[in-house]
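Going by the working numbering, the sequence shown opens with residue 26, and the numbers climb by one from there. Here's the structure, in structure tokens; my notes come after.
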Amino acid sequence: MQRIDHLLPWSHLGSERSLSVFRYGAGPRKVYIQASLHADELPGMRTAWELKKRLAELESNGQLQGVIELVPVANPIGLDQHLQGSHMGRFELGSGKNFNRSFVELSAPVAERIGSQLGGDAQANIALIRQTMGQVLDELPAPASQLEALHRLLLRHACEADITLDLHCDFDAAIHIYALPQHWPQWRSLAARLKAGVALLCEDSGGSSFDESCSSPWLRLARMFPEAAIPPANLATTLELGSMGDTRVDQAQANCEAILGFLAEQGFISGEWPKAPEECCEGMPFEGTEYLFAPHHGVVSFLRDAGEWVERGDALFEVVDPLNDHVTTVRAGTSGVLFAIDRGRYTQPGIWQAKVAGREPIRAGKLIND
């Protein structure tokens with residue numbers, strides 16, 4: 026195992042932050058795994074520690090068949106943000122920016138540099154594109170903030186990967202995944218191993234999130250150069266490992282073994298591993314996800330649990346205004362999986378309270394919430 030510590034620039038006087046990458050194995054193929062880019066989403070970090078131990082064991086036994094890079098703490102900036110006892114890990118406090126938005130878009134600058142060099146050899150194209158992605162990132166102007174530097178480092182490590190896993194969670198949620206629809210057949214095994222409740226599929230959710238910044242450039246380049254052989258060479262996903270409180274030892278170990286079993290299936294780990302369960306969740310269009318909001322201020326009482334299937338018209342939660350005795354029942358507008366609910370119990374209009382993944386598209390444009 027090799028530990029790589031990247032010092033982040035723009036540290037305040039008397040302090041410094043670093044990003045630590047743990048690299049296991051060797052070979053031309055690579056997996057990249059990071060945890061807690063939203064720094065207050067800790068199930069991924071706990072799972073990463075289980076992975077850290079198991080990868081060291083597998084490496085010592087000679088079972089790794091490629092490189093696996095692990096970043097257990099992907100956001101040291103957000104990990105340090107606390108306000109009156111509350112962890113504020115989703116947005117950088119100084120700028121208000123979401124830590125998982127606005128990553129560098131690589132397809133356009135890569136196309137400008139190498140379009141004429143692409144041909145019919147898929148493996149040669151993959152190598153050239155990955156090399157050029159690294160060069161584009163390395164030659165950007167000096168980062169103007171720690172956040173910008175962090176983004177570049179994370180993407181620099183992931184842009185060379187065959188498989189990229191970004192470990193997150195939601196407030197109160199079933200395990201679910203975000204991925205490109207073209208990749209869903211390959212992700213079914215991992216979703217089944219994790220016992221995920223739903224997969225949300227979309228090419229461009231509108232936020233330039235980390236996973237799409239790794240996988241989408243390959244689709245875009247293939248469309249820009251239809252005569253060239255450009256496969257989708259970075260299989261990237263956001264894994265939402267349930268709820269924010271899902272850090273129990275048994276949960277982290279189960280997540281770890283599910284991920285390792287999937288990587289073994291993909292040829293990165295040798296040995297005997299359990300087969301993926303036959304039963305698997307549905308892959309649904311992200312455009313079919315309904316966000317439900319409260320129509321007025323009040324206390325929220327949820328009537329259904331995250332992970333349940335609900336039908337259109339089912340009551341999901343009540344909003345109670347105790348001063349004016351105003352009670353509103355909010356019902357599902359689509360049938361699907363109630364995959365996430367908010368952690369707050371006092372709400373106001375404009376703040377989502379529940380998310381239902383349906384089979385039929387009902388939205389367009391920017392799909393991802395801030």
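Virtual Cβ for every residue (Gly too), placed ideally from N, Cα, C. The structure presented is a predicted model; accordingly, all values stated were derived computationally and were not measured.
- Scanning its chain for C-beta atoms nearer than 7 Å, with the 5 sequence neighbours on each side dropped, one finds around GLN88 the residues ILE294, SER295 and GLY296, in chain order.
- According to the DSSP assignment, MET158 belongs to the alpha helix (DSSP H) that extends over 147-163.
- Under DSSP, THR314 takes part in a beta bridge, and its partners are ALA382.
- The beta-carbon distance between LEU215 and PRO310, rounded to whole angstroms, is 19 Å. This is too long to meet the 8 Å contact definition.
- Per DSSP, the beta-bridge partners of TRP334 are VAL362.
- Shown here, ALA81 sits in a helix according to DSSP, grouped into three states.
- For LEU104, the enclosing alpha helix (DSSP H) starts and ends at 101-104.
- Sixteen is the threshold: since fewer than 16 other Cβ atoms of the shown chains lie within 10 Å of the Cβ of MET26, the residue is exposed.
- Only buried fits ASP367, as 16 or more other CB atoms lie within 10 angstroms of its CB.
- Relative to GLY390, the option among VAL325, GLY231, ILE29 and SER45 whose CA is nearest is GLY231.
- Under DSSP, the beta-bridge partners assigned to GLU94 are ARG48 and TYR57.
- Using a Cβ distance threshold of 8 Å, ASP187 and VAL324 do not count as a contacting pair.
- Annotated three-state conformation of PHE327 is strand, per DSSP.
- By the Cβ neighbour-count rule, ILE387 is exposed, with fewer than 16 other Cβ atoms within 10 Å of its own.
- Assignment of beta-bridge partners to ALA217 by DSSP yields no partner.
- Distances from the CA of VAL345 to each of ASP275, GLY358 and PRO374 were compared; the closest alpha carbon is that of PRO374.
- With fewer than 16 other Cβ atoms inside 10 Å of its own Cβ, ARG384 counts as exposed.
- With fewer than 16 neighbouring CB atoms inside 10 Å of its own CB, VAL274 falls in the exposed class.
- If you look at LEU244, you'll find it in the alpha helix (DSSP H) that goes 235-249.
- Partner residues in the beta bridge of ALA224, as assigned by DSSP, are ILE202 and GLY308.
- Only residues of its own chain outside the window of five on either side were considered, and among them LEU219, LYS220, ALA221, GLY222, GLU265, LEU266 and GLY267 have a CB closer than 7 Å to the CB of ILE200, listed in chain order.
- Looking at the DSSP output, LEU264 sits in a beta bridge with LEU192 and ILE202.
- HIS208 is classed as buried because its beta carbon has at least 16 other beta carbons within 10 Å across all chains shown.
- Taking one beta carbon from each stretch, the segment 72-81 and the segment 280-290 have 3 or more pairs nearer than 8 Å; the two touch.
- Here DSSP, grouped into helix, strand and coil, assigns ARG356 to strand.
- In this structure the segment 314-328 does not lie against the segment 247-264, because fewer than three pairs of beta carbons, one per stretch, are closer than 8 Å.
- Between the beta-carbon of GLU343 and that of VAL352 there is about 6 Å, and that keeps the pair under the 8 Å contact cut.
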